[in-house]
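Going by our numbering, the first sequence opens with residue 1, and the numbers climb by one from there. Beta carbons are placed, not taken as given, at the ideal position from N, Cα and C, and that holds for glycine. Notes to accompany the following structure.
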Amino acid sequence: MPELPEVETVRRGLAPVMEGARILAVDQRRPNLRFAFPEDFSGRLEGATIVRLGRRAKYLLAELDTGETLVCHLGMSGSFRIEARDGTDLPGVFHMPRGKESVHDHVIFELDGPAGHARVLYNDPRRFGYMDLIATDLIDRHPWFSALGVEPVGNELSAPYLAERFRNKKAPLKAALLDQSIIAGLGNIYVCEAMWRSRLAPKRLAGELVTKAGAPREKLDRLVPAIRDVIAEAIEAGGSSLRDHIQTDGTLGYFQHRFSVYDREGEACKRAECDGTVTRIVQSGRSTFYCPRCQTG
DNA sequence: CCTTGAACCTGGGCGC
DNA sequence: TGCGCCCAGGTTCAAG
């Protein structure tokens with residue numbers, strides 16, 4: 001499911017009930033998701049207090065007062081929802097119909113926090129998500145994190161940085177932008193959208209956005225703000241809600257209505273002066289949506 | 001290095 | 001109504 005804006009939306013929704021909350025109980029309903037849960041998963045969580053709920057790339061990080069951090073990745077179909085004491089869902093973060101049990105509720109956290117008693121449920125039909133407990137001071141050296149690139153929103157993402165990373169790179173731009181070790185948190189939707197915004201061709205080789213001397217070309221200067229803006233706007237909109245993740249209360253996740261190319265195969269290009277048609281191709285086994293008429297840079 | 005294809009899973013949509 | 005096929009927001013691994 002989730003690219004950075006969706007994970008950030010989940011973080012913001014969970015933070016009010018999780019930050020400062022004590023974990024009363026953890027119901028781990030199966031031995032594994034994508035990977036096996038760590039040894040004594042519930043035992044290491046129960047009794048701990050969540051100091052802070054953070055995010056790095058597409059990872060959710062619940063820092064505990066035990067020196068460990070609960071690390072969650074939502075894979076393709078993972079979601080969290082919050083149930084209040086009376087069993088009804090709170091508005092905010094959920095994708096399931098209100099109050100409905102699911103065989104895909106794999107982990108349930110019982111919390112006692114500033115907002116009172118609440119249950120936080122992790123649901124993941126495809127089980128591509130995963131969780132682990134990692135010593136907080138070792139996270140940066142953990143294999144999942146040590147190679148991650150820069151966050152797309154912030155000062156670290158700059159044309160000179162991308163020029164350095166793209167220089168002499170033979171991979172298509174699409175593949176380079178999905179590479180988490182260059183920019184961390186972009187996924188298929190926002191890569192397509194950023195390339196459309198900057199009028200860049202998905203098949204263009206990443207190295208072609210850089211001069212022989214290693215300086216950013218004008219194409220790269222266009223790309224950087226396109227990435228930053230699309231991610232910032234998507235976070236502002238509460239991310240995108242697709243397919244089984246359609247919001248039921250309409251308060252979150254409406255960026256899908258602002259897609260310019262993603263999932264719009266055969267429809268008209270939205271650029272004012274352009275009469276092109278959005279086309280779908282497959283690159284590295286994944287759909288790329290773009291307008292061949294105006295994305296020629 | 002780079003690319004492709006497959007693997008991990010379940011479910012929705014579509015054509016017949 | 002059912003079946004088979006294709007597709008899906010991610011990551012990782014093998015093989016060419």
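Whole-angstrom distance between R56 and R293, CA atom to CA atom: Stepping through the first sequence from its first residue, residue 293 is reached at position 293. Stepping through the first sequence from its first residue, residue 56 is reached at position 56. Using only the alpha carbons, I get a separation of about 36 angstroms.
Assuming E19 and R52 make a contact with CB atoms under 8 angstroms, what is their CB distance in whole Å? Position 19 of the first sequence holds residue 19. Position 52 of the first sequence holds residue 52. Confirmed, Cβ separation roughly 6 angstroms.
Strand pairing of A25, partner residues [DSSP]: For the purposes of this step, residue 25 is identified with residue 25 of the first sequence, where counting begins at 1. DSSP output for A25 lists E110 as bridge partner(s).
Using the Cα positions of R81 and E273, report the straight-line distance between them to the nearest angstrom. In the first sequence, the residue the question calls residue 81 occupies position 81. In the first sequence, the residue the question calls residue 273 occupies position 273. Spanning the two alpha carbons is a distance of roughly 43 angstroms.
Identity of the residue in G149, G154, V153 nearest E164 by Cα: Residue mapping note: residue 164 aligns to position 164 of the first sequence, counting from 1. Ranking the options by Cα distance to E164, first place goes to G149.
By how many angstroms is the C-alpha of V278 removed from the C-alpha of L173? Residue numbering aside, residue 173 sits at position 173 when the first sequence is read from its first letter. Residue numbering aside, residue 278 sits at position 278 when the first sequence is read from its first letter. The alpha-carbon atoms of L173 and V278 are separated by roughly 18 angstroms.
G47: which of F109, C192, Y59 sits nearest, CA to CA? Position 47 of the first sequence, counting from 1, holds the residue named residue 47. It is F109.
So, Q295 versus R228, is the Cβ gap smaller than 8 angstroms? Here residue 295 refers to the residue found at position 295 of the first sequence. Here residue 228 refers to the residue found at position 228 of the first sequence. No; because the gap between Cβ atoms is not below 8 angstroms, this pair is not in contact.
Got a sec? Which residues, its chain only, sit under 7 angstroms from I182 by beta carbon, not counting five neighbours each side? Taking the first residue of the first sequence as position 1, residue 182 is located at position 182. Closer than 7 angstroms at Cβ, skipping near neighbours: G149, R165, A176.
From L70 to T136, what does the alpha carbon distance come to, in whole angstroms? Locating residue 70 in the first sequence gives position 70, where the first residue counts as 1. Locating residue 136 in the first sequence gives position 136, where the first residue counts as 1. Distance between the alpha carbons of L70 and T136: 9 angstroms.
Whole angstroms is fine: what's the gap from K270's alpha carbon to E193's? For the purposes of this step, residue 270 is identified with residue 270 of the first sequence, where counting begins at 1. For the purposes of this step, residue 193 is identified with residue 193 of the first sequence, where counting begins at 1. So the alpha carbons of these two residues sit roughly 12 angstroms apart.
6 angstroms Cβ shell around Y122 - same chain, five flanking residues per side excluded: Within the first sequence, residue 122 is the residue found at index 122, counting from 1. Closer than 6 angstroms at the Cβ level, and outside the excluded window around Y122, lie F80, H106, V107.
Between the segment 33-40 and the segment 118-132, can you find at least three pairs of beta-carbon atoms closer than 8 angstroms? yes
Go ahead and label H257 buried or exposed: buried means 16 or more other beta carbons lie within 10 angstroms of its beta carbon, across all protein chains shown. Here residue 257 refers to the residue found at position 257 when the first sequence is read from its first residue. Label assigned to H257: exposed.
Considering only DSSP beta bridges, list what S287 is partnered with. Locating residue 287 in the first sequence gives position 287, counting from the first residue. DSSP output for S287 lists V282 as bridge partner(s).
Which word fits K58, buried or exposed, when buried means at least 16 other C-beta atoms lie within 10 angstroms of its C-beta? Sequence index remark: in the first sequence, residue 58 carries index 58 (1-based). Looking at its Cβ environment, which holds 16 or more other Cβ atoms inside 10 Å, K58 is buried.
Identify the continuous beta strand (DSSP E) that holds R52 and give its terminal residues. In the first sequence, residue 52 corresponds to position 52, counting from 1. Its beta strand (DSSP E) spans residues 50-56.
Option nearest E236 by Cα separation, candidates L220, A226, F255, L138: Working through the first sequence from its first residue, we reach residue 236 at position 236. Answer by Cα proximity: F255.
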